[in-house]
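First comes the structure, then the notes that go with it.
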Amino acid sequence: MNASTTVSDVIHAHFDGLTRAERQLAESLLQNYPVSGLGSITTVAENAGVSTPTVARMVQKLGYKGYPEFQAHLHQELEATISNPIAKHDRWAANAPNRHILNRFAEAVMANLRNSLGELRTATFDEAARLIGDRHRSIYFVGGRITGALAEYFFTHMQVIRPRTTLMSSNASSWPQHVLNMQDGDVLVIFDIRRYEADLTTLAEVARANGVQIIVFTDQWMSPVAQHARHCFKLHIEAPSAWDSSVVMLFVVEALIEAVQSSSWDETRERMNTLEGLFEQARLFRKPR
1 MNASTTVSDV IHAHFDGLTR AERQLAESLL QNYPVSGLGS ITTVAENAGV STPTVARMVQ
61 KLGYKGYPEF QAHLHQELEA TISNPIAKHD RWAANAPNRH ILNRFAEAVM ANLRNSLGEL
121 RTATFDEAAR LIGDRHRSIY FVGGRITGAL AEYFFTHMQV IRPRTTLMSS NASSWPQHVL
181 NMQDGDVLVI FDIRRYEADL TTLAEVARAN GVQIIVFTDQ WMSPVAQHAR HCFKLHIEAP
241 SAWDSSVVML FVVEALIEAV QSSSWDETRE RMNTLEGLFE QARLFRKPR
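Residue numbers for the sequence shown follow UniProt numbering, so the first one is 1 and each next one is one higher.
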């Protein structure tokens, strides 16, 4: 197999020779490539609506010894995608000096992404996506003074995808009313990075004591919220700035949005169609002439 040949190239080259179930799997993998192939073999099969043996057979038909080798190639592609722009500054700012802030910031952000992905377990991602997508659970989002914007972004998308979503204010005085409504098994997504906010830790402790499942997005040093969390996304945030970078956190949030959306696409599509009808009635957006 040529070193420059991607897994996507291999899938397309073999597509006509695949069975119906294998084509269904191939299309699923290509929809959100390469992220769609980074989960466990069981998760990939479930997302495609095929059996685990179908996945095993198809990757061998593509020329890989097994699923681990297939996935290793995907990881290598992702690594190359991440690292190449660092080595080639001209992709970022061809007319800027090597140490220009654009290049220095790009290097820092890409290093953050590479290090975060290297430490992130796909099982953690998959389980968090399952919890967030479970429509039998109510889901709450909250962040701090800066990270509240990320909580709102996540909430705005999830509100379209599924019902029973709530955005909590960054003002701690309003939290007790929300905790009052939380049921055993509900999900609370918390964003907390350094300088960790004591109120968020208290909220996590109280919510967990009431049976709420905590998912925390934090930095590489880990918020105290993590000790109460079922799942912790420990992500790198340092940047050549007085402010920390939220790029990697947003990357993981958007990947989770896609994972949840894909896992319940029929219901999501119906909600989106209904929402578009409401937008039309409200004349919210301008129509092209």
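C-beta: ideal position from N, C-alpha, C; glycine also.
Computed from a prediction, not measured in an experiment: that's the story for all the values here.
- Counting of Cβ neighbours within 10 angstroms places GLU107 among the buried residues, the total reaching 16 or more.
- Looking at the DSSP output, GLN213 shares a beta bridge with VAL187.
- Close CB contacts of MET168 within its chain, under the 8 Å cut and outside five residues either way in sequence, are with TYR140, PHE141, VAL142, ALA151, SER174, TRP175, HIS178 (chain order).
- The three-state secondary structure of THR166, taken from DSSP, is strand.
- A direct Cα-Cα distance of roughly 9 Å separates GLU22 from ALA48.
- Contact annotation: the region 70-78 touches the region 30-39, with at least three C-beta pairs closer than 8 Å.
- In the structure shown, HIS136 falls within a coil segment according to DSSP collapsed to helix, strand and coil.
- C-alpha of ALA56 to C-alpha of GLY66: approximately 7 Å in a straight line.
- For SER262 and LEU275, the gap between their C-alpha atoms comes out near 18 Å.
- Membership of PHE279 in any beta strand (DSSP E) is not indicated; the residue belongs instead to the alpha helix (DSSP H) covering 265-282.
- The beta carbon of LEU188 sits closer than 6 Å to those of TYR140, ALA207, VAL212, ILE214, all from its chain and outside the five residues before and after it, given in chain order.
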